[in-house]
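Colleague: Residue numbers (the working numbering): 10 to 189. No residue lacks a Cβ here, since even glycine has one placed at the ideal position from N, Cα and C. Only a predicted model underlies this, so the values are computations on that prediction, with no experimental measurement involved. First the structure, then my questions, so here it is.
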């Protein structure tokens with residue numbers, strides 16, 4: 010179909026040249042999101058989970074590098090997360106509980122807090138949660154608790170940054186056939 014209008018064409022690729030950070034981008038949903046953003050022309054910074062101390066240092070350095078190179082963040086995709094093997098609460102180890110809460114809730118907070126100073130009106134934060142933020146699953150107490158908490162965090166964040174013109178979106182996928 011041909012456009013016979015005399016009006017100039019709009020740029021239909023609104024993502025071209027946007028600066029995007031995608032956490033948990035080494036596989037699964039995060040990798041698919043990163044690939045789609047790259048095809049759309051975004052400048053990307055992708056992260057994935059690694060050792061605790063290295064992760065803390067790398068997180069700080071990544072945001073400094075993004076600030077130095079681009080001066081801004083237009084899109085933050087908080088996708089990093091982890092599940093745990095099925096275990097009733099009585100059998101769930103304290104270490105597993107801490108790891109899941111750290112990855113799915115504390116990590117979400119830390120990344121968002123680091124990114125916000127580089128975000129302004131028109132920026133978007135997408136927190137990839139899980140159907141487990143709305144529905145509980147037997148044997149997944151730490152995962153469900155972390156995702157319920159992440160939804161509460163997302164809703165509170167939305168209210169806090171609304172006045173700055175920053176959009177906050179909760180993505181709530183069901184089961185997927187990719188690694189986590």
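Along the chain, where does the beta strand (DSSP E) that runs through residue 176 open and close?
Modeller: Taken as a continuous stretch (DSSP letters only), the beta strand (DSSP E) holding residue 176 covers 176-180.
Colleague: Distance check for residue 91 and residue 212, CA to CA, integer angstroms please.
Modeller: Missing from the structure shown is residue 212; the chain here goes from 10 to 189 and no further.
Colleague: Does residue 185 come out as helix, strand or coil in the three-state DSSP assignment?
Modeller: coil
Colleague: Would you decide whether residue 116 is buried or exposed? Buried here means 16 or more other CB atoms lie within 10 Å of its CB.
Modeller: Around the Cβ of residue 116, a 10 Å sphere holds 16 or more other Cβ atoms; the residue is buried.
Colleague: Going by DSSP, which residues form a beta bridge with residue 133?
Modeller: 84 and 176
Colleague: How many angstroms separate the CA atom of residue 75 from the CA atom of residue 142?
Modeller: 31 Å
Colleague: Leaving aside the five residues before and after residue 2 along the sequence, list all residues of the same chain whose C-beta is less than 6 Å from its C-beta, in chain order.
Modeller: Because the chain spans 10 through 189 in this model, residue 2 falls outside it and cannot be assessed.
Colleague: In angstroms with no decimal places, state the Cα-to-Cα distance between residue 126 and residue 93.
Modeller: 33 Å
Colleague: For residue 31, report the span of its beta strand (DSSP E) as first-last.
Modeller: 28-31
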